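Report on the structure given below.
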Amino acid sequence: MIWLFEDHTIRTVMLGSALVGGISGGLGCFAYLNRQSLVGDVIAHSSLLGIVVAFLAGGTFGLPDGLSLWLLMIGAAVAGLLAALLTQFVTHRTRLPKDAALGVMLAIFFGSGLTLLRWLQRRSPPLPGVAGLDDYLFGMAAATTSRDVLITAALGLPMVILAVFAWNRLKIVTLDAGFASGLGVRVAVWEVVIQIVLVVSIVIGLQIVGVILMIALLITPAAAARQWTKHMGPMTVLAAAIGGSCAVLGAVISSLGVHLPTGPVIVLLLAAVFLASVLFAPRRGLLTFGSDA
Amino acid sequence: MTAAIRTSQLTVAYASKPVLWDVNLEIPDRTITGILGPNGAGKTTLFKAILGVVKPLEGHVTVSAKHAARRDSIAYVPQRATIDWDFPTTVFDLVLMGTYGRLKWFQRPGSAERDLTAEALERVGMQQYGGRQINELSGGQQQRVFLARAFVQQASVYLMDEPFAGIDVSTERAIFDILTEQREVGKTIVMVHHDLSTVPTYFDHVVLLNRQLVASGPTASTFTSENVQSAFGDAVRMLGGQSS
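Residue numbers (my numbering), protein chains in the order written: chain R, 892 to 1184; chain H, 2 to 245.
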């Protein structure tokens, strides 16, 4: 196994996956506890449209590779955020229930993203790098470069630091917004912060996990970790550990094997951890006895 | 009598459907005030407007200078059903949250805050439950914990949304006694309440609400059968409406 760590490519892939899995898995706890799993899924799917549009823009203006990667991330974040905001707008202004609004938004953004993607791929002459866009559907860890790792860290680590410092604010706004308001906490501001944390946690994982399954990396570690602890801090650390280790393992398996897409492999590993947690966790597990905690 | 909270022409709407319509009312300082009205009358929305969680379409809420001096002066006790009791936190941590308003956003509670929390838990008789997960409590215990959180907050106004729903009579009496003591030391308590039979015993002041203000004033002169009739009589027609 030692050779794994000596191979530069594999080391980069592992480092990138560890970062993405740890950050998205840990910060996913806020999405889980805010009941925003579906919102997260809509953001992830919708970001495809942003990726494709950003790619098109980058290709048209002939941006250098380094810049275009940032551009893709920004495109993904903007499209994801837009879908989330539009959902909120529709829910407030119409009688449409929230789940229907989410479904409609996902269909519109993901549908147009896919259409645009296929159109781009059939175009001739093909834009350079267009084949790589497919990887954003199901993820491709093997393609991770040191620059990707750097971008992931540059985007993700500030969110982690923010979450650590603003921990109490984020926690109280999540649990009881009305009470937080009575404390003088600016709930609206912190809700925007939570939304930004959510979007960044999703966007950084798109290259490795893909838009379709990204929600699993966001929510499954949190759901599994919740079974083992009754404190939010340990839950977040455990979720980060689960997300990180499953992402690394999944990335290595997919990179070494027959080049399976990485997303599905990671999701299968996460599912196994989740299943074990739901079945065997002390007190809460289905196969364990004791009071519900 | 001075007003702790005053609303003028307060109108709140969800999805352009008015929930509160042109409500002018005063909640006098140092009283226990009951907010009465049928389901969907806008009682919870009134609280949310006072807290600033929902923005009024028109009108405004004024909190008296005495209570607005500190930004964390309003303790909100939500309806128990609206809280995610499976949230990963313990009783002690939940009560400790009452101190968060005094701390900067990046600060952690220290030993002074922890001492206050332990004291508050003792006051409501919940000291031995500090380490419990919040979903391991009975309804009455949950209500005591909320009260302890309000103590720790050192709030001067308590907004309590149906604190007595689904709890036993002895706990209700115990909590009510604590609230009476709080009024004596200068606090203002505002409570959404459903059991009309206890209204004359509990409240100094009542507000009858059904989207519009029906009546507001001292219990003896305001809690009359005509007023109750006109607040709740409409409920029969309103039953199809959405709850607030």
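The beta-carbon is built from N, C-alpha and C at its ideal position, and this holds for glycine as well.
As the structure is a computational prediction, the values presented were derived from the model and not from experiment.
Our contact map puts residue i next to residue j with C-beta atoms below 8 Å; I'd like the distance itself, whole angstroms only.
i, j, result
"residue 1101 (chain R)", "residue 913 (chain R)", "That pair is no contact at about 18 Å."
"residue 47 (chain H)", "residue 210 (chain H)", "7 Å"
"residue 73 (chain H)", "residue 1074 (chain R)", "4 Å"
"residue 1138 (chain R)", "residue 909 (chain R)", "7 Å"
"residue 1111 (chain R)", "residue 911 (chain R)", "Actually they are not in contact, since the Cβ atoms of residue 1111 (chain R) and residue 911 (chain R) sit about 14 Å apart, beyond 8 Å."
"residue 131 (chain H)", "residue 122 (chain H)", "6 Å"
"residue 963 (chain R)", "residue 952 (chain R)", "In fact, because the Cβ distance is near 14 Å, the residues do not count as touching under 8 Å."
"residue 142 (chain H)", "residue 127 (chain H)", "7 Å"
Counting only the same chain and skipping the five closest in sequence on each side, list residues whose C-beta sits under 8 Å from that of residue i.
i, result
"residue 6 (chain H)", "27, 28, 51, 62, 63, 64, 65, 68, 158, 189 and 191"
"residue 1076 (chain R)", "1060, 1063 and 1064"
"residue 87 (chain H)", "136"
For residue i and chain R, any beta-carbon pair shorter than 8 Å?
i, result
"residue 28 (chain H)", "no"
"residue 72 (chain H)", "yes"
"residue 16 (chain H)", "yes"
"residue 84 (chain H)", "yes"
"residue 242 (chain H)", "In this prediction, residue 242 (chain H) has a pLDDT of 40, which is less than 50 and means its spatial position is unreliable; nothing more can be read from the coordinates."
"residue 104 (chain H)", "yes"
"residue 75 (chain H)", "yes"
"residue 153 (chain H)", "no"
"residue 138 (chain H)", "no"
"residue 182 (chain H)", "no"
"residue 53 (chain H)", "yes"
Which chain H residues sit within Cβ distance under 8 Å of residue i?
i, result
"residue 1121 (chain R)", "89, 90, 91 and 134"
Near residue i, what residues of its chain come up, given a Cβ to Cβ distance below 7 Å and the 5 sequence neighbours on each side ignored?
i, result
"residue 1048 (chain R)", "none"
"residue 987 (chain R)", "981"
"residue 1054 (chain R)", "918, 1061 and 1088"
"residue 98 (chain H)", "150"
"residue 977 (chain R)", "996"
"residue 25 (chain H)", "8, 9, 10 and 214"
"residue 133 (chain H)", "91 and 92"
"residue 874 (chain R)", "Because chain R is modelled from 892 through 1184, residue 874 (chain R) falls outside the range shown and cannot be assessed."
"residue 1169 (chain R)", "1118, 1176 and 1177"
"residue 31 (chain H)", "184, 187 and 189"
Under 6 Å Cβ to Cβ from residue i, same chain only, skipping five residues before and after it: list those, please.
i, result
"residue 1156 (chain R)", "1141, 1144 and 1145"
"residue 119 (chain H)", "none"
"residue 223 (chain H)", "207 and 216"
"residue 1131 (chain R)", "913, 916 and 917"
"residue 1003 (chain R)", "940"
"residue 969 (chain R)", "941"
"residue 932 (chain R)", "1106"
Strictly below 9 Å CB to CB, what residues from chain R border residue i?
i, result
"residue 109 (chain H)", "1058 and 1059"
"residue 49 (chain H)", "1069 and 1072"
"residue 187 (chain H)", "In chain order: nothing, as chain R lies at least about 18 Å away."
"residue 79 (chain H)", "1067, 1069 and 1070"
Taking 8 Å as the CB-CB cut-off, is residue i touching chain H?
i, result
"residue 971 (chain R)", "no"
"residue 918 (chain R)", "no"
"residue 985 (chain R)", "yes"
"residue 1130 (chain R)", "no"
"residue 998 (chain R)", "no"
"residue 1184 (chain R)", "In this predicted model, residue 1184 (chain R) has a pLDDT of only 44, less than 50, meaning its place in the structure is not dependable; the value taken from the coordinates is given anyway. Taking Cβ atoms only, chain H reaches closer than 8 Å to residue 1184 (chain R), which makes this a yes."
"residue 1177 (chain R)", "no"
"residue 1140 (chain R)", "no"
"residue 1126 (chain R)", "yes"
"residue 924 (chain R)", "yes"
"residue 1078 (chain R)", "yes"
"residue 1117 (chain R)", "yes"
Taking Cβ-Cβ distances shorter than 7 Å, what residues in chain H pair up with residue i?
i, result
"residue 1052 (chain R)", "Residues of chain H passing the Cβ test: none, with the nearest at roughly 10 Å."
"residue 1063 (chain R)", "98 and 101"
"residue 1075 (chain R)", "72, 73 and 102"
List the residues of chain H whose Cβ lies closer than 9 Å to the Cβ of residue i, in chain order.
i, result
"residue 1089 (chain R)", "Going along chain H, no residue has its Cβ under 9 Å from residue 1089 (chain R), so there is no contact; the nearest lies around 17 Å."
"residue 964 (chain R)", "In chain order: nothing, as chain H lies at least about 27 Å away."
### Query
Touching or not, the segment 9-25 of chain H and the segment 1159-1179 of chain R, by the rule of three or more beta carbon pairs under 8 Å?
No, the segment 9-25 of chain H does not touch the segment 1159-1179 of chain R.
### Query
Do the segment 1023-1042 of chain R and the segment 1093-1112 of chain R touch if we need at least three Cβ pairs shorter than 8 Å?
Output reads yes: the segment 1093-1112 of chain R touches the segment 1023-1042 of chain R.
### Message
Across the segment 1062-1070 of chain R and the segment 74-83 of chain H, are there enough close Cβ pairs to call them in contact, namely three or more that are closer than 8 Å?
### Response
Verdict: yes, contact present.
### Query
Are at least three pairs of beta-carbons, each pair with one atom in the segment 97-117 of chain H and one in the segment 159-179 of chain H, less than 8 Å apart?
No: the two stretches stay apart, fewer than three of their Cβ pairs being nearer than 8 Å.
#### Entry: Meets three-Cβ-pair contact criterion under 8 Å: the segment 141-150 of chain H and the segment 89-108 of chain H
Yes: at least three Cβ pairs fall under 8 Å.
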